[in-house]
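Quick notes on the structure that follows.
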Amino acid sequence: MNDDLEDVLRRTLGHASQRAPQAPSTLSSQVMTHSLRRRTRVQTLVAALAVAVVASGAVVAVRGAGGDPAPPVVNPTQAPSSVTATPSPSGKQAFVTPEPIEKVWPQAVWKIPAKLPGIRKYQPRIFIDDRTLLLETWGSFEKADAIYAYDLDGGQVRKITDIRTPKGVFASGYTAGAGRIVWQTIDEVDGGRVTEFWSVPIAGGRPTVINTAAPVKGGGDKLTVVGDKLAFSVIEGGVFTVPLGGGTVEPVAGAERHHILRWPWVGTPGEYTPNKEASFEDLLNVETGETSKAVVRPGEQNVRCGVTTCVGERRGSPSFYRLRDGSQERDLPGSAFPGLAADRFQTVFSPVPRGGQYMIDLVTGESGDLSLSPPDAKGQSIVVQLGVGDSRLVSYPIKDEHVVIDLTKIR
Amino acid sequence: MDDDPRFADFVAERADALLRYGYVLSGNSHDAADLTQEALIRLHRAWSRVRRKQDPESYTRMIMARLHISTWRLRRRERLTWDLPEGLHLDVLPSEVEQGLWQALEGLPRKQRAVLVLRYYEQLTDAEISGVLGISRGTVRSHASLGLNKLRSAVSHPTAANGSAL
Chain A
1 MNDDLEDVLR RTLGHASQRA PQAPSTLSSQ VMTHSLRRRT RVQTLVAALA VAVVASGAVV
61 AVRGAGGDPA PPVVNPTQAP SSVTATPSPS GKQAFVTPEP IEKVWPQAVW KIPAKLPGIR
121 KYQPRIFIDD RTLLLETWGS FEKADAIYAY DLDGGQVRKI TDIRTPKGVF ASGYTAGAGR
181 IVWQTIDEVD GGRVTEFWSV PIAGGRPTVI NTAAPVKGGG DKLTVVGDKL AFSVIEGGVF
241 TVPLGGGTVE PVAGAERHHI LRWPWVGTPG EYTPNKEASF EDLLNVETGE TSKAVVRPGE
301 QNVRCGVTTC VGERRGSPSF YRLRDGSQER DLPGSAFPGL AADRFQTVFS PVPRGGQYMI
361 DLVTGESGDL SLSPPDAKGQ SIVVQLGVGD SRLVSYPIKD EHVVIDLTKI R
Chain B
1 MDDDPRFADF VAERADALLR YGYVLSGNSH DAADLTQEAL IRLHRAWSRV RRKQDPESYT
61 RMIMARLHIS TWRLRRRERL TWDLPEGLHL DVLPSEVEQG LWQALEGLPR KQRAVLVLRY
121 YEQLTDAEIS GVLGISRGTV RSHASLGLNK LRSAVSHPTA ANGSAL
């Protein structure tokens, strides 16, 4: 019977393949346009996706899953400044471009010059504190060679340290706390990932490795400073702590398969789920032991959850936004990117102008236009996509400036 | 190389076959189109290198398989640039057994499905599958065996009832 099943499977796949759609005649030119556009976009996305956290960034407006979550009070699709229909041709007529972000959220938006005296082209990485941004410069593509502190009030830039990493090894995962900047490097040893952690005083100095009693096996995926310790999770699953001054790496009890979402909340599965599971469906508060399981209904796809809320898709219906317990569900604009920053922000394509995007606050229903330029003659444009979790910084370049948004300043 | 007419020729000649492959990999038209578009964008970016070293079609098929089992989907940056035509041919498959099997494939984890598609649609050997997906032969065999077992118990097949096969 084994042979039978294999034969039937061959026939089934062969017949089913005939139901595939046909390629449009313009496919190759579309592909080339996208390919060229991506060449300039990669850097931008790296910056926009690296919406990183400050350990003390617990100032996020929504509280823990068991607390008093901020409900989605407004149906975003009914907000006057958002898309009022799915992106069909008729939907375009109803669209009113929102006011620019700096008018909607003036307390949360800065524009800083893309060229700063004495430093090369840079990428904003995290907020060190409410007024200070961590900037990273590159020696080669995505390979950090120095980090700087930028004072948002005075506009001064100060080098914190140079960074040197071996070929193929990159600094990533910046976080700040206890007066230090902490980051990781991931190397391959005998075919497996090994992570090292580094730190430097915010005031400046030379980076020092955080000595661990044994090598940290696995690739770090999220770092956060908790008191005098570094807490981290690895891509393979598992949450650990290590003293900032070095010492033994301790597994966090009950979090053997977990990933840090927003400390003290850790969860499974992590943000990336190859088998279509909902990300962060199960959460554990490692300080109180409280747990939370997000409601996920049959047929839902690409469900991504934060500490209090989830977004997801259903075939044939608008995407949704709701609390983890399944209540207060709302439809989302049709062309939203799948991220959910700080449990409440998404970016959405504007039908007009072409190539435009706005950011929407799903809690208040307010939206602000990101003022992105339409694709230029070569089809090049910028896309801003938010991650999941405790994102605080959103940044992207426009002409000769970097736009910087502090999501914690939007209430 | 940006305007290499050979790239346009390749897309014109092979895109439909790639879409069919994407369709059996993913199980639906939208993902098939998405996978094809993304793999072709990556092929375009690597076009001169790929043409020097290997066959563009196998490269593209490898990218599609790896994308399908990877975390790419949640990180994807762009939406499809073309509208899928109305009135797709969603005819019922020729037999109930095939229809049942197609639905059962939907329930498989991505890696198991990809291994089965590479083995029974692409007719690759386990060694070739191991190269395409970048996993060991042992893993290929175990995914295939798990996948076939699940299909067998999911379809109303004579052997499914007692689970005697394998």
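The listed protein sequences correspond, in order, to chains A and B.
Read in order, the letters of the first sequence are residues 1 to 411 in the UniProt record's numbering.
Read in order, the letters of the second sequence are residues 1 to 166 in the UniProt record's numbering.
Quick reminder that beta carbons are idealized off the backbone N, C-alpha and C, glycines included.
Between residue i and chain B, is any beta-carbon pair separated by less than 8 Å?
i	result
MET32 of chain A	yes
PRO21 of chain A	yes
LEU5 of chain A	yes
VAL8 of chain A	yes
THR309 of chain A	no
HIS15 of chain A	yes
SER35 of chain A	yes
THR132 of chain A	no
THR12 of chain A	yes
LEU340 of chain A	no
LEU332 of chain A	no
Does any CB atom of chain A fall closer than 8 Å to the CB of residue i?
i	result
ALA15 of chain B	yes
VAL97 of chain B	yes
HIS143 of chain B	no
GLN103 of chain B	no
ARG52 of chain B	no
LEU118 of chain B	no
TYR23 of chain B	yes
SER29 of chain B	yes
residue 168 of chain B	With chain B covering only 1 through 166, there is no way to say anything about residue 168 of chain B.
LEU35 of chain B	no
For residue i, count neighbouring C-beta atoms within 10 Å of its own C-beta (all shown protein chains included) and say buried if the count is 16 or more, exposed if not.
i	result
HIS259 of chain A	buried
GLY254 of chain A	exposed
GLN346 of chain A	buried
GLU281 of chain A	buried
THR248 of chain A	exposed
VAL117 of chain B	buried
GLU271 of chain A	buried
GLU38 of chain B	buried
ASP343 of chain A	buried
GLN112 of chain B	buried
VAL242 of chain A	buried
PRO397 of chain A	buried
SER136 of chain B	exposed
ARG120 of chain A	exposed
HIS44 of chain B	buried
VAL96 of chain A	exposed
In angstroms, rounded to a whole number, what distance separates the CA positions of residue i and residue j?
i	j	result
ALA278 of chain A	LEU230 of chain A	27 Å
LEU323 of chain A	CYS305 of chain A	9 Å
GLN99 of chain B	LYS150 of chain B	15 Å
ASP108 of chain A	GLY365 of chain A	Contrary to the premise, residue 108 of chain A reads as Ala rather than Asp in this sequence. Between ALA108 of chain A and GLY365 of chain A, the C-alpha separation is close to 17 Å.
ALA336 of chain A	ASN211 of chain A	43 Å
THR60 of chain B	GLY147 of chain B	24 Å
GLU329 of chain A	THR165 of chain A	46 Å
ILE126 of chain A	VAL307 of chain A	20 Å
GLY134 of chain B	ALA65 of chain B	10 Å
TRP265 of chain A	ARG180 of chain A	22 Å
HIS402 of chain A	LYS111 of chain A	6 Å
THR161 of chain A	VAL394 of chain A	23 Å
ALA171 of chain A	ILE186 of chain A	8 Å
ALA58 of chain A	SER367 of chain A	Its pLDDT being 22, under 50, ALA58 of chain A is placed unreliably in this model, and the value from its coordinates should be taken loosely. Approximately 23 Å, taken between the alpha carbons.
VAL239 of chain A	THR195 of chain A	13 Å
VAL54 of chain A	VAL189 of chain A	The pLDDT assigned to VAL54 of chain A is 23, lower than 50, so where the model puts this residue is not dependable; a value taken from the coordinates is nonetheless given after this. Whole-angstrom Cα-Cα distance: 30 Å.
GLN156 of chain A	SER317 of chain A	49 Å
ARG141 of chain B	ALA114 of chain B	12 Å
VAL155 of chain B	GLU122 of chain B	22 Å
Along the chain, where does the beta strand (DSSP E) that runs through residue i open and close?
i	result
LEU261 of chain A	259 to 262
TYR121 of chain B	It is not in any beta strand (DSSP E) - TYR121 of chain B carries neither H nor E in the DSSP assignment.
GLN123 of chain A	122 to 129
PHE10 of chain B	That residue, PHE10 of chain B, is in no beta strand (DSSP E); its alpha helix (DSSP H) goes 5 to 26.
ARG322 of chain A	317 to 323
ILE101 of chain A	No beta strand (DSSP E) holds ILE101 of chain A; the alpha helix (DSSP H) holding it covers 101 to 104.
ARG141 of chain B	ARG141 of chain B -> not in any beta strand (DSSP E); alpha helix (DSSP H) instead, spanning 137 to 154.
LEU134 of chain A	132 to 140
ASP221 of chain A	220 to 226
Going by the C-beta, is residue i closer than 7 Å to any heavy atom of the ligand FAD?
i	result
GLY245 of chain A	With respect to the ligand FAD, the structure offers nothing, as it holds no ligand at all.
Taking the alpha helix (DSSP H) that residue i falls in, what are its first and last residues?
i	result
THR347 of chain A	Here THR347 of chain A belongs to no alpha helix (DSSP H); instead the beta strand (DSSP E) covers 345 to 349.
GLU106 of chain B	96 to 106
LEU133 of chain B	126 to 133
Handout entry: Start-end ranges of the beta strand (DSSP E) lying completely within the region 267 to 315 of chain A, minimum 3 residues
Key = Qualifying beta strand (DSSP E) stretches, in chain order: 282 to 285, 291 to 293, 300 to 305 and 309 to 314.
Problem - Every unbroken alpha helix (DSSP H) inside the region 143 to 174 of chain A [4 residues or more] - result: Taking only runs of at least 4 residues, no alpha helix (DSSP H) segment lies wholly in the region 143 to 174 of chain A.
Exercise for the section: Please specify which runs of the alpha helix (DSSP H), each continuous and at least 4 residues long, are wholly inside the region 41 to 67 of chain B, giving them in chain order. Expected result: Within the region 41 to 67 of chain B, complete alpha helix (DSSP H) segments of at least 4 residues are found at 47 to 53, given in chain order.
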